[in-house]
Amino acid sequence: MRAIVVDPDECLSPHWEMRRRDQVELVWHKPFEGVGRVRALAWTCDCRAVVYELLQAGGQAFIRKTTQAEPIPEVEETHRWPIEEARRVWHALLLGEMR
Ligand SMILES: [Zn+2]
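If you're matching positions, the sequence shown starts at 329 in the numbering used here and goes up one per residue.
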């Protein structure tokens with residue numbers, strides 16, 4: 329797996345890679361309400377207009393996509409996966425293999 333490069337001077341969080349031609353499309357849903365506690369496992373840098381977060385809820389995890397916009401950011405989420413599966417999707421997303 330390639331290293332995810334972080335610019336130490338500017339940004340503390342990783343950046344997602346640009347879209348690749350053979351990219352797999354993720355299915356995005358409206359946010360699912362009603363989960364009690366959600367814990368952020370990882371997130372991308374908010375210097376980009378689109379921020380992704382890997383979130384854990386109970387024994388499952390999912391990815392939340394926030395498109396920063398005025399007046400209200402657009403929020404979408406994937407469905408839930410087992411945590412290991414969600415981590416695989418997360419890395420693929422950062423590398424531009426999924427979006
Ligand atoms: Zn950044």
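By construction, the Cβ of each residue, glycine as well, lies at the ideal position given by its N, Cα and C atoms.
Keep in mind that this is a model prediction, so the values were computed, not measured.
Check                                                                                                                           : Outcome
Any heavy atom of ligand 1 inside 8 Å of the beta-carbon of residue 381?                                                        : no
Would you list the residues sitting across from residue 357 in a DSSP beta bridge?                                              : 405
What did DSSP end up calling residue 417 once you bin it into helix, strand or coil?                                            : helix
Taking 8 Å as the cut-off, is the beta-carbon of residue 343 closer than that to any non-hydrogen atom of ligand 1?             : yes
Just the Cα atoms here: how many angstroms apart are residue 397 and residue 386?                                               : 30 Å
Compute the Euclidean distance between the alpha carbons of residue 358 and residue 392, then round it to the nearest angstrom. : 10 Å
Note down the Cα distance separating residue 407 from residue 376, rounded to an integer number of angstroms.                   : 23 Å
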